[in-house]
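Before any comments, here is the structure.
2 protein chains.
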Amino acid sequence: MTDWDDIRYFLAIARNGNITAAAKALGVNHSTVSRRIRTLEEKHGVRLFERIQSGYEMTAAASGIYELALEVETKHQHISRHLFGQDSRLQGEINLTMPHDILGYCLIDDVAAFRKKHSEIQLNLFVAKGLKDLAAREADVAIRLTASPPEYLIGKKAASLQHGIYVNEQVQATLTKTKMQVPLILWTNDNAQPLWVEEHFPSSEVALRVDDLYSMYAAVKAGIGIARMPCYMPDSLSSPLSGDTVKRLPIELPVSSWGVWVLSHADLRHTARVRHCRDFFSDSLQQRKDLFEGRNSIYFK
Amino acid sequence: MTDWDDIRYFLAIARNGNITAAAKALGVNHSTVSRRIRTLEEKHGVRLFERIQSGYEMTAAASGIYELALEVETKHQHISRHLFGQDSRLQGEINLTMPHDILGYCLIDDVAAFRKKHSEIQLNLFVAKGLKDLAAREADVAIRLTASPPEYLIGKKAASLQHGIYVNEQVQATLTKTKMQVPLILWTNDNAQPLWVEEHFPSSEVALRVDDLYSMYAAVKAGIGIARMPCYMPDSLSSPLSGDTVKRLPIELPVSSWGVWVLSHADLRHTARVRHCRDFFSDSLQQRKDLFEGRNSIYFK
DNA sequence: AGTCATTCGTGCATTTTTGCACGGAAAGCG
DNA sequence: CGCTTTCCGTGCAAAAATGCACGAATGACT
């Protein structure tokens with residue numbers, strides 16, 4: 277019988293299209309991948325990949341088992357979760373993921389506190405863009421901004437999310453004096469006209485598009501324009517003491533159905549350290565409920 | 277991510293109940309199994325087996341993943357067959373299985389011929405009792421006596437199977453002279469009264485039960501009683517030249533719906549060497565059609 | 001045309017895994 | 001009660017897998 281792990285290597289190559297990337301994904305040296313797949317091919321007398329210049333390309337034979345391999349992977353993930361779900365130790369690793377702004381401007385001290393409280397637990401933090409797949413155990417606990425998490429995840433909504441329109445003090449002054457077009461800062465991939473613009477700033481123009489919340493804040497602060505942001509972000513930065521000039525306009529946006537959630541896969545319901553982690557950060561966030569729900573905002577009169 | 281092969285080890289232990297048997301099934305040393313399962317347990321912080329005196333016993337945690345592991349195994353078997361199904365070489369191994377009597381008294385010379393014709397192919401013969409699982413690739417080609425093979429197997433019916441009632445010459449003489457009860461030799465696990473006994477030998481008694489065809493023949497030859505056997509077996513042994521005294525009674529039994537089939541899994545349809553093997557032994561058997569269909573029998577007048 | 005970056009294969013040293021042989025503990029047996 | 005058998009863990013040597021460093025081939029870019 278074939279070494280089952282070979283299929284894992286096969287999948288990595290099939291997905292990544294070349295040995296080097298596959299090796300990186302698997303966390304091993306590229307020569308290992310190269311040799312294992314060659315051995316697999318020889319053992320079965322089947323060519324699975326064409327060695328083209330830019331990498332490895334699946335043959336027809338490989339396509340035939342690709343779907344099957346994916347199914348096997350799903351099952352292995354299931355097993356992995358199930359095993360992990362019965363881990364009752366308060367030690368070992370936890371993969372934690374959240375948007376990097378929430379980490380940097382809100383939870384970084386709590387992470388430090390968690391580390392101190394549970395020194396036996398190794399936290400691995402993933403804050404890079406893109407959602408981690410909790411089913412694939414890319415992360416065990418996720419802090420996410422979402423309207424309603426998928427049903428296979430469990431966890432709490434720690435707070436609702438309030439948005440506001442933010443502007444730099446100087447810009448606001450200018451806008452009040454001159455009747456110029458209001459400069460807007462929008463999301464890069466929001467192509468339609470947002471509702472809040474239509475309603476409150478019919479006379480406006482797009483000044484800048486960004487794909488990152490902190491960059492949006494930086495742009496507002498630099499006086500490039502006004503922007504709609506979740507309150508927690510500017511409010512945690514622009515305290516009166518810091519001398520910051522970014523403030524919220526007294527415009528009431530409808531309460532978002534989105535919230536800050538602390539989530540993990542249902543299979544990890546009883547995993548001791550995961551539960552502790554979830555509870556810990558749920559508390560942390562709930563203590564900042566006012567921040568997320570916009571009650572810390574400083575308004576322009 | 278867990279080494280997928282660990283699940284293979286897990287399954288082997290779960291199934292066999294102890295390390296030693298699992299190791300034998302996996303074809304590795306028992307210490308390897310012992311160490312790998314321990315590593316797996318430590319990595320996940322879960323106890324999977326209780327070390328009891330008589331071996332290893334699944335814990336509740338292990339039962340939880342047992343079903344999943346079985347499904348994974350099935351998928352891996354599927355992949356394995358699919359890969360093998362695209363092997364176009366006329367070299368490598370073929371696992372061949374058949375009832376041991378068919379090998380010994382009919383096909384052994386053909387096996388030798390096949391070996392000679394395809395010296396690059398390594399034949400592994402399995403003739404022990406019990407059907408090999410073709411889906412699990414325990415065997416690639418099977419010669420079987422069956423009425424209708426399962427639909428996931430492909431292959432040909434090489435011949436129909438004719439049965440006859442056989443008896444030793446001396447016994448026959450005795451039976452004709454004295455009006456004693458006819459002594460019967462039956463199968464060990466046939467508890468009901470067979471149809472042929474009811475019809476042709478209402479006045480009879482069970483002399484012996486056996487669970488093996490050659491033993492049945494030996495018993496008939498030794499004069500223990502009469503038996504219903506597929507013709508191929510006694511007819512290939514008791515030629516007039518050998519001076520054997522076992523012959524068939526002139527009783528026409530209904531033609532059996534059973535036949536001699538040469539089979540392999542549908543996924544191996546195009547595997548070159550498997551096809552050659554199937555064709556080769558199909559031919560071999562078809563050349564002996566007369567033998568299987570009872571036309572070589574020598575009758576008592 | 002030349003430089004650089006990618007991507008892969010291979011020889012060699014290192015690390016990891018495995019097999020082997022031994023020993024201990026418990027159970028079966030006469 | 002002593003002997004044998006079964007089953008498991010462990011130290012050590014052998015074998016296998018892996019990582020590392022290098023080089024070749026190809027294509028992109030200046």
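Order-wise, the sequence lines are chains L and B. Residues 277 to 577 (the numbering used here) make up the first sequence, in order. Residues 277 to 577 (the numbering used here) make up the second sequence, in order. All C-beta atoms in this analysis are idealised placements derived from N, C-alpha and C, irrespective of residue type, glycine included.
- Can you give me, in chain order, the residues of the segment 309 to 338 of chain B that have a beta carbon less than 8 Å from any beta carbon in chain L? For the segment 309 to 338 of chain B, the set of positions with a beta-carbon nearer than 8 Å to some beta-carbon of chain L reads H320, G321, V322 and A337 in chain order.
- Euclidean distance between Cα positions of L410/L and D416/L: Between L410/L and D416/L, the C-alpha separation is close to 6 Å.
- Message: Under 8 Å, Cβ to Cβ, is there at least one residue of chain L near E347/B?
- Response: Yes, E347/B lies at the interface with chain L (some Cβ there is under 8 Å from its Cβ).
- With respect to the alpha helix (DSSP H) encompassing E427/L, which residues constitute its N-terminal and C-terminal limits? Looking at the DSSP string, E427/L is not in any alpha helix (DSSP H), and its letter there is neither H nor E.
- Message: Quick check on DSSP: helix, strand or coil for K523/L?
- Response: Reduced to three states, the DSSP call for K523/L is strand.
- Message: Measuring only the C-alpha atoms, how far is E349/B from L366/L?
- Response: Their Cα atoms are separated by approximately 32 Å.
- Using 8 Å as the limit for Cβ to Cβ distance, is K408/L near chain B? Not closer than 8 Å to any Cβ of chain B, the Cβ of K408/L fails to qualify, so no.
- Message: By the three-class DSSP mapping on this structure, what secondary structure does E369/B have?
- Response: It is a strand residue.
- Item | Simplified DSSP state of K433/B, which is helix, strand or coil | In this structure, K433/B counts as strand in the three-state DSSP scheme.
- Taking the CB atoms as reference points, tell me whether L539/L and P375/L lie closer together than 8 Å. Cβ distance not < 8 Å, so L539/L and P375/L don't count as in contact.
- Message: Just to confirm my understanding: we take Q562/L, look at its own chain, exclude 5 residues before and 5 after, and list those with CB closer than 8 Å. What are they?
- Response: A434 and A435.
- Residue-level contact to chain L via CB, I355/B, 8 Å cutoff: Yes, contact with chain L.
- Message: Quick check on F556/L: does DSSP put it in helix, strand or coil?
- Response: In the structure shown, F556/L sits in a helix (DSSP, three-state: H, G or I).
- Counterpart residues of V482/B in DSSP-defined beta bridges: DSSP lists L460/B as partners of V482/B.
- Query: Between the beta-carbon of L324/B and the beta-carbon of E318/B, is there less than 8 Å?
  - Reply: Against a cut-off of 8 Å, the Cβ pair of E318/B and L324/B comes out as no contact.
- Item | the ligand FMN heavy atom lying under 7 Å from the CB of Q469/B | Ligands displayed in this structure: none; no statement on the ligand FMN is therefore possible.
- Residue from A494/L, Q446/L, R357/L and L451/L with nearest C-alpha to L462/L: The option with the nearest alpha carbon to L462/L is A494/L.
- Query: Which residue or residues does DSSP assign as beta-bridge partners of A418/L?
  - Reply: In the DSSP assignment, the residues bridged to A418/L are T373/L and L539/L.
- How many whole angstroms separate the CB atoms of I341/B and I370/B, which I take to be in contact at a CB cut-off of 8 Å? For a cut-off of 8 Å, the C-beta gap from I341/B to I370/B is around 34 Å, too long to register as a contact.
- Message: Between which residues of its own chain and I289/B is the CB-CB distance below 7 Å, once the five residues before and five after are set aside?
- Response: Cβ neighbours of I289/B beyond the five flanking positions: I295, A298, V309, I313, F325 and Y332.
- Item | CB of Y381/B within 8 Å of CB of M509/B, strictly | Yes; because the gap between Cβ atoms is below 8 Å, this pair is in contact.
- Item | Pair within 8 Å by beta-carbon distance, R419/L and I355/L | The amino acid at residue 419/L is misidentified as Arg; the sequence shows Ile. No. Outside cutoff.
- Task: Determine the contact status of P526/B and F576/B, defining contact as a CB-CB distance below 8 Å.
- Result: At the C-beta level, P526/B and F576/B come within 8 Å of one another.
- Query: Measuring CA to CA, which of T464/L, T521/L and E475/L is closest to D487/L?
  - Reply: For the set T464/L, T521/L and E475/L, the Cα lying nearest the Cα of D487/L is the one of T464/L.
- Task: Give the range of the beta strand (DSSP E) segment to which P506/L is assigned.
- Result: Here the beta strand (DSSP E) through P506/L covers A503 to P506.
- For V447/L and G499/L, believed in contact at Cβ under 8 Å, the rounded distance: The Cβ separation is near 5 Å, so the contact holds.
- Please report the Cβ distance between K523/B and I574/B, rounded to the nearest whole angstrom; I am assuming they are in contact, meaning their Cβ atoms lie under 8 Å. Confirmed, Cβ separation roughly 5 Å.
- Message: Does chain L have any CB closer than 8 Å to the CB of W472/B?
- Response: Residue contact with chain L for W472/B: absent (no Cβ-Cβ distance below 8 Å to any residue of chain L).
- Query: Does the beta carbon of D279/B sit closer than 8 Å to a beta carbon anywhere in chain L?
  - Reply: Taking Cβ atoms only, chain L reaches closer than 8 Å to D279/B, which makes this a yes.
- Out of E414/B, H552/B, N572/B and I283/B, state which residue places its alpha-carbon closest to the alpha-carbon of H439/B. Taking only the C-alpha atoms, the option nearest H439/B is N572/B.
- Query: Would the beta-carbon of T238/L fall within 8 Å of that of N467/L?
  - Reply: The first residue shown for chain L is 277 and the last is 577, placing residue 238/L beyond what the model contains.
- Task: Give the residues of chain B in contact with D416/L, contact being defined as C-beta atoms less than 8 Å apart.
- Result: Within chain B, no residue comes near D416/L; the closest Cβ sits about 13 Å away, beyond 8 Å.
- Message: Going by beta-carbon coordinates alone, are D543/B and G406/B separated by less than 8 Å?
- Response: G406/B is positioned such that its CB atom lies no closer than 8 Å to that of D543/B.
- Task: State the CB to CB distance for the pair D363/L and H320/B, rounded to an integer number of angstroms; the pair is presumed to be in contact (CB under 8 Å).
- Result: Contact flag correct, Cβ pair sits at about 6 Å.
- Using a cut-off of 7 Å between C-beta atoms, extract the partners of K351/B located in chain L. Those within 7 Å of K351/B in chain L are L344, E347, V348 and K351.
- Who are the neighbours of Q398/B on chain L, taking C-beta pairs under 7 Å? Simply none; closest approach about 13 Å.
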